[in-house]
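K.L.:
Before I ask anything, let me first share the structure, which is written out below as structure tokens.
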Amino acid sequence: MPLLTLAEVETLARAAHDGQTDKAGRPYAEHLAAVAGGVRARGGDPDQIAAAWLHDAVEDAALGEEWLAAAGLTARTQAIVRALTKEPGESQEAYAARILATPGALLVKEADLAHNADPERLTVLPEPVRTRLTGKYDRMRALLGLRP
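If you're matching positions, the sequence shown starts at 0 in numbering that gives the first Met the number 0 and goes up one per residue.
Shown next as structure tokens:
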């Protein structure tokens, strides 16, 4: 099977999350684009950029594990997406350990956390939600050895 181009991956990711919104009510594709752009800006390679577009697709059940296994993606892209797919009930420590053990995944998670914790995104949320999410993102950064 030929590998998907980044443009094809973007199109698939946008379609998979069509109609979904983030916690602030914005189209979810805006988050995907921001993470992919953040990976690119941090020097990420095509495998990491593809994984950025798909980083929530399996976790959010937009695309299944079967799709991921059969998709025209490199093994590295698939591994990064799997590493970034938090399992139900999984501890943050186990999740962070898997990210750290998967080559290329940390950069994608760093871009994801940067966008999730963007003060402009958080200010539109109610204070209790903003406080909870800020604590969650700070803890994950610490587990991953990332600076705030």
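Beta carbons: idealized from backbone N, C-alpha and C, even for Gly.
I need the straight-line Cα distance from residue 70 to residue 140, nearest angstrom please.
P.N.:
Their backbone Cα atoms lie some 30 Å apart in a straight line.
K.L.:
Check whether the stretch 8-15 touches the stretch 47-66, counting contact only when three or more Cβ pairs, one atom from each stretch, lie closer than 8 Å.
P.N.:
Yes, they touch.
K.L.:
Looking only at its own chain, which residues have a Cβ that is under 7 Å from the Cβ of residue 37, when we skip the five neighbours before and after it?
P.N.:
These residues qualify, in order along the chain: 110, 113, 114.
K.L.:
Please determine, among 30, 34, 33, 50, the residue with the shortest C-alpha to C-alpha distance to residue 4.
P.N.:
Residue 4 has its Cα closest to that of 50, out of 30, 34, 33, 50.
K.L.:
Which value, in whole angstroms, describes the spacing of the CA atoms of residue 92 and residue 142?
P.N.:
Cα-Cα distance, rounded: 7 Å.
K.L.:
Counting pairs of beta carbons, one from the stretch 81-88 and one from the stretch 27-34, are three or more of them closer than 8 Å?
P.N.:
Result no; under three Cβ-Cβ pairs closer than 8 Å.
K.L.:
List the whole-angstrom C-beta distance separating residue 39 from residue 106, where the pair is believed to meet the contact cut-off of C-beta under 8 Å.
P.N.:
Incorrect: roughly 10 Å between the Cβ atoms, too far for contact.
K.L.:
Taking only runs that begin and end inside the stretch 107-135, name each unbroken alpha helix (DSSP H) of 4 or more residues, in chain order.
P.N.:
The stretch 107-135 contains these whole alpha helix (DSSP H) runs: 118-121.
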